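A.B. asks: Protein chains in written order, with the numbering used here: chain V, 1 to 281; chain B, 282 to 556. Don't be surprised by glycine CBs; every beta carbon is placed ideally from N, CA and C. Since we're looking at a predicted model, the values are computed, not measured.
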């Protein structure tokens, strides 16, 4: 009797917490986005769409995610492969590579600001090498593509570690015998990687990509630190409506958009990288 | 076994291997070094051009940061919020992790899926509806209210890591204690707890870092009681460069130490997320 109740008792606090601070708030934010005093309405979405900044913010966010995540995936795979071949020095290299895991997006933005600002390190280096005569204004609204690249670099720098950790953990689960067998049959390293490691790594790839895409769609403080307001993104618009314009309903509407895009990407990745039953390790 | 190929390629491929490793290390470390250079230089040197690539070892920027009005309070708030988050997420998360690892019961799968689902949602957005909820319940602009939101971010991790920790301890150990006359609780306290305490500490530290770094919810939910990231974010367009860099440095420093402390557990934590 007691043993039957015990697990539920232990789960109760967590379940209550999830219900109160996860499920309920999401219902609340959805309600806020779709309602006014009179009931159901789409007016907040209309307000959102009528502002010129919305399409820009939407596409900026999407393009940023699409530009950043594939590069991160390639880098994380490469780094994980290097780590898997490493004997001595593995621990210290892994520690260094996972340092950005502890660094907040705001701090990462500030770090890359030190490089890209007008009297920053990039300008100093270009000047020192005689490439420019005087400091270039990199982060002005006139050169949005430089801002885009700066944000990209900051994001790649900061958030590749999370994919790396997941992929290293995933590679640890693959029995060494598979790669050895491939080698016995004469497969090159690249072939082994393509035909053995990658397919077996699918569950980890799925986790890493879903997590990373969702985080990429939430990009906010990096952008705020590097560009101020000249490069609008969805999360920044949410913040602006909630905090500066005090219009919680439009903020909720944008939140719904971010949520919808996240769900679409998640479902897409679940489908593309699905693991056939019985093919799991 | 194929022994000729590794020998043939070994020198060149070893060279490529270690160059890639070192370049990637530099890619991670160099930007942090540059932040340190800026932090340890005087305000004049920070805005001077061209810039020196070695720090002056001048503490005026940091002193300016420390004396800047509101910073001390913001740091205290950050530490308080992160500490409450740490305690709450372990107190709530660890029992759930234990239940998931030790029992089979109806609804277990549903619960697991719910936990994993929290990761497929942009969690900082929770701050929006909670802002409304908190105003109604008097929790708005409070340390505890923000800590609740941060707990929501950290708890799924706490559950997953404690689940993997408990799963690593054979149930036979506990059963042995029961047969020797321990109650379930005693067995847990005397046998299991000492074994997993370091892991619990690691997941507590991880919760601390999550809260310490969180910007969006902190900025939306607090006005008077701003945490350090919220404070820095809201003064981004008015604060001088050296203040930003010193602030960034203060944000990064504890995170570096903490990640070093929990590095052993990072992989256990994410390994489990794959299954």
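(1) Quick check on residue 544 of chain B - is its C-beta less than 7 Å from some C-beta in chain V?
(2) Measuring straight from C-alpha to C-alpha, what distance separates residue 395 of chain B and residue 132 of chain V?
(3) Quick one: grab the DSSP three-state call for residue 35 of chain V.
(4) Less than 8 Å between the CB atoms is what I'm expecting for residue 557 of chain B and residue 224 of chain V, so what's the real figure, rounded?
(5) So, do the region 62–72 of chain V and the region 477–493 of chain B have three or more beta carbon pairs nearer to each other than 8 Å?
(6) With H, G and I counted as helix, E and B as strand and the rest as coil, what does DSSP make of residue 17 of chain V?
(7) Considering only their Cβ atoms, is the gap separating residue 501 of chain B from residue 560 of chain B smaller than 7 Å?
(8) Which residues in chain B have a C-beta closer than 7 Å to the C-beta of residue 168 of chain V? List them in chain order.
(9) So within the region 113–167 of chain V, which uninterrupted alpha helix (DSSP H) runs reach at least 4 residues, ignoring any that extend past its ends?
(10) Return the chain-ordered ranges of every beta strand (DSSP E) run that is complete within the region 181–248 of chain V and spans a minimum of 3 residues.
(11) By Cβ distance, which residues of its chain are closer than 7 Å to residue 336 of chain B, with the 5 residues on each side in sequence left out?
(12) Return the CA-CA distance between residue 415 of chain B and residue 491 of chain B, expressed in angstroms with no decimal places.
(13) Name the residue from V:192, V:98, V:244, V:256 whose alpha carbon lies nearest to the alpha carbon of residue 217 of chain V.
(14) For residue 250 of chain V, count neighbouring C-beta atoms within 10 Å of its own C-beta (all shown protein chains included) and say buried if the count is 16 or more, exposed if not.
(15) Would you be able to state if there are at least three C-beta pairs under 8 Å between the region 89–109 of chain V and the region 160–175 of chain V?
(16) Label residue 265 of chain V either buried or exposed according to how many other C-beta atoms from any shown protein chain fall within 10 Å of its C-beta, with 16 as the threshold for buried.
(17) Beta-carbon separation of residue 373 of chain B and residue 17 of chain V under 7 Å?
(18) Give the C-beta separation of residue 114 of chain V and residue 526 of chain B to the nearest angstrom, bearing in mind that I take them to be a contact with Cβ-Cβ under 8 Å.
(19) Can you name the residues that DSSP bridges to residue 40 of chain V?
(20) Which residues, in chain order, does the region 30–41 of chain V contribute to contact with chain B at a C-beta distance below 7 Å?
(21) Around the Cβ of residue 313 of chain B, are there at least 16 other Cβ atoms within 10 angstroms (buried) or fewer (exposed)?
(22) Closer than 8 Å by C-beta to residue 226 of chain V: which residues in its own chain qualify, once you throw out the five before and the five after it? Chain order, please.
(23) Would you mind telling me which residues of chain B sit closer than 7 Å to residue 146 of chain V, beta carbon to beta carbon, in chain order?
(24) At least one CB of chain B closer than 7 Å to the CB of residue 230 of chain V: is that the case?
(25) Relative to the alpha-carbon of residue 30 of chain V, which residue among V:247, V:10, V:252 has its alpha-carbon at the smallest distance?
C.D. replies: According to the structure shown:
(1) yes
(2) 55 Å
(3) strand
(4) Only positions 282 to 556 of chain B appear in the structure, and residue 557 of chain B is not among them; the question remains open.
(5) no
(6) helix
(7) Outside the modelled stretch of chain B, which goes from 282 to 556, sits residue 560 of chain B, for which no answer is possible.
(8) 548
(9) 121–128
(10) none
(11) 317, 318, 321, 322
(12) 21 Å
(13) V:256
(14) buried
(15) yes
(16) buried
(17) yes
(18) 6 Å
(19) V:35
(20) 32
(21) buried
(22) 109, 112, 113, 116, 139, 147, 150, 151, 154
(23) Under the 7 Å cutoff, chain B gives no residues; its nearest Cβ is about 17 Å from residue 146 of chain V.
(24) no
(25) V:252
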